[in-house]
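Trainee:
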Amino acid sequence: MRKAATDEVAPDEGGGLPGASGPPPGAKDTGPGGRDGRGRPVTGAAGTRSRIMRRREALAGLAFVAPMLLLFIVFRFGPTLGAAFLSVTDYRLSGEWTFIGAGNYTRLLGDDLFWESLGVTAVYTVLYVPMTVALALGTAVLLHRTLWMRGFFRGLFFLPYVTSIVLAAVIWKWIYEVQDGLLNASLGVLGIGPVDFLGSESLVLPSIAAASAWKGFGYSMLILLAGLQSIPREVTEAATIDGASGWQRFRWVTLPLLRPVLFFVLVIEAILGFQVFDAMYVMTAGGPVRASYSLVYFLYDSGFKFFDFGYASAVGLVLFLVVLVFSLIQRRLIGRDAD
Amino acid sequence: MKTGFKRATVPLALLTLTTLTAAGCGGDSGAESKKVTVWMYPVIMDPKANAAYWDGIEKGFEAKEKGVDLSIEQLPWENRDQKLATAFGSGKGPDVVLLGPDQIPQYQANGAIQPVDRAIGEARDAFRPNALEAMSQDGKVYAAPIYHTVTSTLYNKKLLEKAGITEPPSTWDAIRAAAPKLKQAGASTLDYSASNEASLNMSFYPLLWQAGGKVFDDGGRKAAFNGPEGVEALTFLVDLYKSGAVPKSAMNNANLFTDQALGKQQVAMGYTNTPADAVLAEKAWGKGNVIVGPALTGPGKQVCFGMPGGLGINARSKNVAGAEKFIAYMVQPAQIESMGKAGGFFSPRTDVTVPNDSTYAKEYQEALNHTYPGEPNPAARQLMALISPEIQAALTGKKSPKAALDAAAAEADELLARQR
Chain A
1 MRKAATDEVA PDEGGGLPGA SGPPPGAKDT GPGGRDGRGR PVTGAAGTRS
51 RIMRRREALA GLAFVAPMLL LFIVFRFGPT LGAAFLSVTD YRLSGEWTFI
101 GAGNYTRLLG DDLFWESLGV TAVYTVLYVP MTVALALGTA VLLHRTLWMR
151 GFFRGLFFLP YVTSIVLAAV IWKWIYEVQD GLLNASLGVL GIGPVDFLGS
201 ESLVLPSIAA ASAWKGFGYS MLILLAGLQS IPREVTEAAT IDGASGWQRF
251 RWVTLPLLRP VLFFVLVIEA ILGFQVFDAM YVMTAGGPVR ASYSLVYFLY
301 DSGFKFFDFG YASAVGLVLF LVVLVFSLIQ RRLIGRDAD
Chain B
1 MKTGFKRATV PLALLTLTTL TAAGCGGDSG AESKKVTVWM YPVIMDPKAN
51 AAYWDGIEKG FEAKEKGVDL SIEQLPWENR DQKLATAFGS GKGPDVVLLG
101 PDQIPQYQAN GAIQPVDRAI GEARDAFRPN ALEAMSQDGK VYAAPIYHTV
151 TSTLYNKKLL EKAGITEPPS TWDAIRAAAP KLKQAGASTL DYSASNEASL
201 NMSFYPLLWQ AGGKVFDDGG RKAAFNGPEG VEALTFLVDL YKSGAVPKSA
251 MNNANLFTDQ ALGKQQVAMG YTNTPADAVL AEKAWGKGNV IVGPALTGPG
301 KQVCFGMPGG LGINARSKNV AGAEKFIAYM VQPAQIESMG KAGGFFSPRT
351 DVTVPNDSTY AKEYQEALNH TYPGEPNPAA RQLMALISPE IQAALTGKKS
401 PKAALDAAAA EADELLARQR
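Protein chains in written order, with UniProt numbering: chain A, 1 to 339; chain B, 1 to 420.
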C-alpha cells in the first residue's frame with residue numbers, strides 16, 4: 001500500500017530528484033519463468049538468448065536516455081567537477097589561477113559572513129518548511145474532501161507555483177509596503193501598525209518565508225493530494241465504524257499512512273529552503289543589515305561582486321554537501337519504507 | 001545495464017570533449033590588420049535607435065577612412081566586466097571598447113588597456129578636466145570621453161507648496177529646516193536608496209563628498225570614509241530617517257524612481273536623479289509639478305554624481321592605428337553632438353554643447369559643472385557591498401553612525417589589503 005503511494009508520487013516529481021522514484025522500471029529482474037520486455041514468456045533453455053536480449057535492451061535504453069545523459073554530463077556533471085576544481089584555486093577574472101589547496105575552505109570557516117549567512121539560511125528554512133507543508137497539507141485535505149469544482153480549485157491553488165518568483169516577490173513587496181501597502185492598510189483599519197515587514201531585522205525572514213510559502217506550496221499540495229487519494233477508503237471506513245471522530249481519523253489513520261509522502265515533501269522543501277536566493281534578491285537585497293542574507297546570496301556576492309570565483313565555488317560545494325545530506329536522509333527513510 | 005553503460009562511457013566522454021573543444025576554439029580569428037572591432041553597449045536605451053545610430057557611425061567612419069573595415073559589435077550591459085576580462089585574458093578582446101571610469105584602474109593595473117593620448121591629440125584641452133581626470137591613471141588617459149551623464153536634485157512642487165515652502169531646499173540646512181514643515185503636510189522630505197543592490201555613487205557617496213569627505217585615502221589602499229566628514233554625512237542621513245523625513249521605504253530602494261516614495265509623491269525631493277527621472281516625474285506628477293534644481297550643497301561643497309563614458313584601446317590590439325583613427329573620429333564635435341542627442345547625454349567637451357530641447361536642459365547643464373565621477377580604485381565596486389549593510393545598521397539604530405562606518409572601514413581595509 002505504501003509502495004503505491006510512493007509510486008504515485010514518482011511521475012509527478014519531474015525534477016530528477018534522486019531517490020524519490022524508487023527502482024527504475026527497467027531494473028526488474030526477468031529471470032527464468034518471467035517475461036521479457038515484449039511480454040513473451042521466457043523459458044529456461046533460452047538463457048543465453050535472454051542475456052543477449054537483455055544487453056540489447058540495455059543499449060536501447062541507453063540510446064533513449066543518451067540525449068538527456070549528454071546534457072546532464074555537459075551542463076551538470078561537468079560544471080560540478082569544474083566547481084570542485086575552482087574551489088581549490090585562486091581563480092582570477094583574467095583566467096589565471098593558482099592552486100591553493102584547502103585555502104578557500106579554511107578562509108570560509110573563519111569568515112563570520114559565511115556563518116552569518118548559514119544561520120540566516122537555517123532560520124529561513126525552519127520558518128519556510130513548516131509554513132509550506134502546513135499550507136500544502138491543509139489545502140490537500142480540503143481538496144480531497146471537496147468534490148465540487150475540485151479541478152478548478154486545484155488549478156487555482158497551483159497557480160502561484162507556476163508564477164515567476166521575481167513577479168511574486170515584487171507583488172509581495174507591494175503587499176508588505178510600510179506606507180499604503182495592502183497589509184499595512186488592512187492593519188491600519190484595525191488600528192495596528194504600520195509594521196515595517198521588510199525593514200525590520202526580526203520580521204524580514206518570516207515575511208519572506210510567508211511569501212515563498214505562498215509561491216511554493218502548490219507542488220507539495222499536489223503530491224500530498226496524490227498521497228491522500230491512494231489511501232484506501234476501507235481503512236477510514238473501518239475507523240468510522242469503530243467510532244473514530246473526524247479529527248481522530250485524520251490524526252491516527254490518514255496521517256500515519258501519509259507519512260512517507262509527507263516526509264518526501266518535507267525533505268524537498270527543506271532543500272529548496274536552503275537554496276533560497278531570488279526572493280531575497282528582489283525583496284530586500286539581503287537587508288536590512290544582512291538579516292536576510294542567505295548562503296546563496298553570499299555565494300552570488302563572492303562570485304559576481306568580488307570576482308572571487310574560487311571562494312564562491314567553495315561556498316557552492318558546502319551548499320552541495322548540505323543538500324546531499326538531506327537527500328541521503330530522505331533516500332534512506334523513503335527507501336526503507338518502500339521495502 | 002552496467003556493461004552497456006561502460007561501453008558507452010568512452011564515446012560519450014569523447015563527444016563531450018569534442019563539444020567543449022569546439023566551443024573553446026570558436027571565436028573570431030579576425031587577424032586582418034585592416035579591421036577594427038568595437039564593443040559597444042546599449043548606451044541609447046531604445047534598441048532600434050541604438051542600432052540605427054551605430055550603423056550610421058560605421059558608415060560615416062568608413063566613408064571618411066577608406067581602407068579601414070569597422071565592425072561595431074553590440075553587447076548587453078549584463079556581466080560586462082566578466083565578458084571583457086575573459087576576452088582580454090585570452091587575447092581575443094576587441095580593438096576598442098566602451099569603458100567607464102570605475103573600470104579603468106583594474107584593467108590598467110592588469111595591463112589590459114593602453115593609453116589613448118595619441119588618439120585624442122589636440123582635442124585634449126577641450127575636455128572637461130573632471131572627465132579627463134576620471135579616465136586617467138598615472139598621468140595618461142585610458143579612455144577618450146564621448147559622453148557625460150549627470151544627476152541632480154528633483155523636487156515635487158505640489159508637496160513643497162502644500163508645506164508652504166517657496167524655495168526648494170538646496171542645502172543640508174535647508175533640508176533639515178524643511179523636514180518638520182513637510183511632515184506637517186503629511187510628506188517625507190528626502191528620498192534615499194539603502195538597498196544593498198543600490199550603487200553608493202547614487203546614494204551615500206554624494207553625501208560624503210558634500211561633507212568634504214573621501215572614500216579612499218590618497219594612496220587608495222585604505223578606507224577614508226569613516227573620517228569626521230563621513231560620520232557627519234551618515235549622521236545627517238540617520239537623523240532624517242529617524243524623524244521620518246527619509247521614508248521607511250528607502251531601506252529597500254535601489255535607486256529607483258517609479259514605484260518608490262518619490263515617484264508616488266510621498267516624498268518631496270531626491271538628490272541623485274537623472275534626466276530620465278525628470279521625464280518620468282513629468283508623466284507621474286504632471287508637467288507643472290516638476291522642478292530640477294542645482295546639485296545639492298553640503299557643509300563641505302556642492303557636488304553631484306555624473307561620469308563620462310569613453311573609448312579605450314585593447315593593449316593587445318593588432319590594429320592600434322585603426323583604433324586610434326576611430327577614437328579620433330568619435331571625439332569630434334559632430335559625433336559628441338549626435339551621440340548626446342541620441343542618448344540624452346551631455347557633452348564631455350567644454351566647447352561643445354549638446355542641443356537639448358528638454359525643459360530642464362539648462363539646469364542639468366549647470367549641474368554638469370559640479371559632477372564628480374567617484375574615486376578610481378580597482379576595489380571601488382566591491383567596497384559598496386561592504387558599506388551598504390553597515391549604513392543599514394546605522395539607519396535601523398543597531399549601530400551609531402561612527403561605529404557603523406568604523407566596522408565597514410575595518411572590512412574595507414581587509415579587502416584592500418587582499419587586492420592583488
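The beta-carbon is built from N, C-alpha and C at its ideal position, and this holds for glycine as well.
Going along the chain, which residues of the region 290-306 of chain A sit with their C-beta nearer than 7 Å to a C-beta in chain B?
Mentor: The region 290-306 of chain A vs chain B, Cβ under 7 Å: Arg290, Asp301, Lys305 and Phe306.
Trainee: Would you call the region 237-249 of chain A and the region 92-106 of chain A in contact, with 3 or more CB pairs under 8 Å?
Mentor: No, the region 237-249 of chain A is not in contact with the region 92-106 of chain A.
Trainee: Name the residues in the region 269-291 of chain A whose C-beta lies less than 8 Å from a C-beta of chain B; which are they?
Mentor: Listed by position, the residues of the region 269-291 of chain A near chain B (Cβ gap below 8 Å) are Tyr281, Met283, Thr284, Ala285, Gly286, Gly287, Pro288, Val289 and Arg290.
Trainee: Residues in its own chain within less than 6 Å of Ser313(A) by CB, not counting five upstream and five downstream?
Mentor: Working through the first sequence from its first residue, we reach residue 313(A) at position 313. The residues are Ala83, Leu86 and Ser87.
Trainee: On a CA-only basis, which of Val292(B), Gly310(B) and Ala367(B) is nearest Ala119(B)? Give me that one, please.
Mentor: To locate residue 119(B), count along the second sequence from 1; it is residue 119. The shortest Cα separation from Ala119(B) among Val292(B), Gly310(B) and Ala367(B) belongs to Gly310(B).
Trainee: DSSP three-state call for Asp90(A): helix, strand or coil?
Mentor: Reading the first sequence from its first residue, position 90 is the one you call residue 90(A). Of the three classes helix, strand and coil, the one that applies to Asp90(A) here is strand, per DSSP.
Trainee: Can you tell me whether Asp69(B) is helix, strand or coil according to DSSP?
Mentor: The residue you call residue 69(B) lines up with position 69 of the second sequence. Three-state DSSP puts Asp69(B) in a strand.
Trainee: For the alpha helix (DSSP H) that contains Tyr219(A), what are its first and last residues?
Mentor: Counting from one through the first sequence, the residue named residue 219(A) turns up at place 219. Tyr219(A) -> alpha helix (DSSP H) spans Val204 to Gln229.
Trainee: Considering only the alpha carbon of each residue, which of Gly316(A), Phe277(A) and Arg259(A) lies closest to Gln330(A)?
Mentor: Position 330 of the first sequence, counting from 1, holds the residue named residue 330(A). Considering only alpha carbons, the answer is Arg259(A).
Trainee: Classify Met40(B) as helix, strand or coil using the three-state DSSP reduction.
Mentor: Numbered from its first residue, the second sequence carries residue 40(B) at position 40. In this structure, Met40(B) counts as strand in the three-state DSSP scheme.
Trainee: Is it the case that the region 316-330 of chain B contacts the region 101-109 of chain B, given that we only count it when at least three CB pairs across the two stretches are under 8 Å?
Mentor: Taking 8 Å as the limit for Cβ pairs, the verdict is that the region 316-330 of chain B does not touch the region 101-109 of chain B.
Trainee: How long is the line joining the alpha carbons of Gly89(B) and Pro79(A), rounded to whole angstroms?
Mentor: Stepping through the second sequence from its first residue, residue 89(B) is reached at position 89. Stepping through the first sequence from its first residue, residue 79(A) is reached at position 79. When rounded, the distance between both Cα atoms is 21 Å.
Trainee: Specify the secondary structure class of Val331(B) as computed by DSSP and reduced to three states.
Mentor: Translated into positions along the second sequence, residue 331(B) becomes position 331. Residue state, collapsed to three classes: coil.
Trainee: Between Tyr176(A) and Lys248(B), what straight-line distance do the alpha-carbon atoms span, to the nearest angstrom?
Mentor: Translated into the one-based positions of the first sequence, residue 176(A) becomes position 176. Translated into the one-based positions of the second sequence, residue 248(B) becomes position 248. Those two C-alpha atoms are separated by around 12 Å.
Trainee: List, in chain order, every chain B residue whose beta-carbon is nearer than 7 Å to that of Val315(A).
Mentor: Locating residue 315(A) in the first sequence gives position 315, counting from the first residue. Within 7 Å Cβ-Cβ: nothing; Val315(A) doesn't reach chain B, min ~15 Å.
Trainee: According to DSSP, is Leu182(B) helix, strand or coil?
Mentor: As a working mapping, residue 182(B) is identified with position 182 in the second sequence. Note: Leu182(B) maps to helix in three-state DSSP.
Trainee: Straight-line CA distance for Asn130(B) to Tyr364(B)?
Mentor: As a working note, residue 130(B) is residue 130 in the second sequence. As a working note, residue 364(B) is residue 364 in the second sequence. Answer to the nearest angstrom: the Cα atoms are 16 Å apart.
Trainee: Give me the Cβ distance between Lys341(B) and Val354(B), rounded to the nearest whole Å; I'm assuming they're in contact under 8 Å.
Mentor: As a first step, residue 341(B) is located in the second sequence; it is residue number 341 there, counting from the start. As a first step, residue 354(B) is located in the second sequence; it is residue number 354 there, counting from the start. That pair is a contact at about 6 Å.
Trainee: Give a yes or no on contact between the region 199-212 of chain A and the region 295-312 of chain A, applying the rule of three or more CB pairs nearer than 8 Å.
Mentor: Flag = no, the region 199-212 of chain A and the region 295-312 of chain A do not touch.
Trainee: If you pair each beta-carbon of the region 176-195 of chain B with each one of the region 372-379 of chain B, do three or more pairs fall below 8 Å?
Mentor: Contact fails: fewer than three Cβ-Cβ distances are below 8 Å.
Trainee: What would DSSP say about Lys325(B), mapped onto helix, strand or coil?
Mentor: Counting from one through the second sequence, the residue named residue 325(B) turns up at place 325. Three-state result, Lys325(B): helix.
Trainee: Cβ closer than 9 Å: which chain A residues qualify as neighbours of Pro247(B)?
Mentor: Taking the first residue of the second sequence as position 1, residue 247(B) is located at position 247. Here the neighbours are Val178 and Gln179.
Trainee: Please compile the residues from chain A whose C-beta is within a distance smaller than 9 Å of the C-beta of Ile108(B).
Mentor: Mapped onto the second sequence, residue 108(B) falls at position 108. According to the sequence provided, residue 108(B) is Gln. The question's Ile does not apply to it. By Cβ distance, chain A contributes nothing, its closest Cβ being about 13 Å from Gln108(B), past 9 Å.
Trainee: Could you compute how far the alpha carbon of Lys59(B) sits from the alpha carbon of Val296(A)?
Mentor: On the second sequence, residue 59(B) is found 59 positions in, with the first residue counted as 1. On the first sequence, residue 296(A) is found 296 positions in, with the first residue counted as 1. Spanning the two alpha carbons is a distance of roughly 47 Å.
Trainee: Nearest chain B C-beta to Leu324(A) closer than 7 Å, yes or no?
Mentor: If you number the first sequence from 1, residue 324(A) lands on position 324. Judged by the 7 Å Cβ criterion, Leu324(A) is not in contact with chain B.
Trainee: Report buried or exposed for Val120(A), applying the criterion of at least 16 other Cβ atoms within 10 angstroms of its Cβ.
Mentor: For the purposes of this step, residue 120(A) is taken as the residue at position 120 of the first sequence. Val120(A) should be labelled buried.
Trainee: Would you call the region 119-134 of chain A and the region 183-199 of chain A in contact, with 3 or more CB pairs under 8 Å?
Mentor: At 8 Å Cβ cutoff, the stretches do not touch.
Trainee: Look at the alpha carbon of Ser45(B) and the alpha carbon of Leu256(B), and state the distance between them as a whole number of angstroms.
Mentor: Taking the second sequence and counting its residues from 1, one reaches residue 45(B) at position 45. Taking the second sequence and counting its residues from 1, one reaches residue 256(B) at position 256. Per the sequence shown, residue 45(B) should be read as Met rather than Ser. For Met45(B) and Leu256(B), the distance between alpha carbons rounds to 16 Å.
Trainee: Per DSSP, what are the beta-bridge partners of Ser152(B) in this structure?
Mentor: For the purposes of this step, residue 152(B) is taken as the residue at position 152 of the second sequence. In the DSSP output, where bridge partners are listed per residue, Ser152(B) has Asn273(B).
Trainee: Within 10 angstroms of the Cβ of residue 364(A), are there 16 or more other Cβ atoms? Answer buried if so, exposed if not.
Mentor: No information on residue 364(A) is available, as it lies outside the stretch 1 to 339 that chain A covers here.
Trainee: Residues of the region 191-211 of chain B with a CB closer than 9 Å to any CB of chain A: list them in chain order, please.
Mentor: Those residues of the region 191-211 of chain B that come within reach of chain A (Cβ to Cβ, closer than 9 Å) are Ala194, Ser195, Asn196, Glu197 and Ala198.
Trainee: If you measure beta-carbon to beta-carbon, which residues of the region 180-208 of chain A are closer than 7 Å to chain B?
Mentor: The residues in question are Asp196, Leu198, Gly199 and Glu201.
Trainee: Classify Val170(A): buried if its beta carbon has 16 or more other beta carbons within 10 angstroms, exposed otherwise.
Mentor: Residue mapping note: residue 170(A) aligns to position 170 of the first sequence, counting from 1. Its Cβ having fewer than 16 others within 10 Å, Val170(A) is exposed.
Trainee: Enumerate in chain order the residues of its own chain whose CB-to-CB distance from Phe216(B) is below 6 Å, with the five nearest sequence positions on each side excluded.
Mentor: Locating residue 216(B) in the second sequence gives position 216, where the first residue counts as 1. So the list reads Ala224, Glu375 and Asn377, once near-sequence residues are dropped.
Trainee: At least one CB of chain A closer than 7 Å to the CB of Met135(B): is that the case?
Mentor: Locating residue 135(B) in the second sequence gives position 135, counting from the first residue. No, its Cβ sits nowhere closer than 7 Å to a Cβ of chain A.
Trainee: Could you say if the region 159-169 of chain B and the region 134-148 of chain B meet the contact criterion of at least three C-beta pairs nearer than 8 Å?
Mentor: The region 159-169 of chain B is not in contact with the region 134-148 of chain B.
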